[in-house]
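If you're matching positions, the sequence shown starts at 3 in my numbering and goes up one per residue. As structure tokens, the structure follows; a few thoughts come after it.
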Amino acid sequence: CWLVLVESLDDGVKLVNDFAPEHLSLITRREKTIIPKITTSGAIFVGNYSPVAVGDFLAGPSHELPTGGAGKSFPGLTVDMFQRRTSIVKLDRESIAKSAPIVETFAEVEGLDAHGRSATVRVK
């Protein structure tokens, strides 16, 4: 557990977002303006009466939270992570004709020549 005092709330928000704590206890009178600015904490516990244990065992947020700064890239475990998603891509002839040169360029940069050809062969 760390206690960090900062010169300003903006400094605090920057520190929190850079550190990306698993749990953040936020004690301020300006929570409504501060919370939307915090983007990397696994869970935020607001005020003197919201201990981490309440969040872990009673209040409902996921107990599986990103640690070691991983909150910069990943949220806590949610049901969304167990839902299957897929992407559907459908282009018409005009769209692939416009897109093929761009695909060729990206494929060339990536060293994936066959990917590039898979687009251009469709417009020949």
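We treat Cβ as the ideally placed atom computed from N, Cα and C, and that holds for glycine. Computed from a predicted model, the values in this text were never measured in an experiment.
Checklist entry - According to DSSP, is Val125 helix, strand or coil? => result helix
Checklist entry - Does DSSP classify Leu60 as helix, strand or coil? => result helix
Item to check | Cβ-Cβ distance between Asn125 and Ala109 below 7 Å | outcome: Going by the sequence as given, residue 125 is Val instead of Asn. No.
Next on the checklist: Only counting the same chain, and skipping five residues up and downstream in sequence, which positions put a Cβ closer than 6 Å to that of His117?
Outcome noted: Ala109
Next on the checklist: In this structure, how does DSSP classify Leu26 when only helix, strand and coil are distinguished?
Outcome noted: strand
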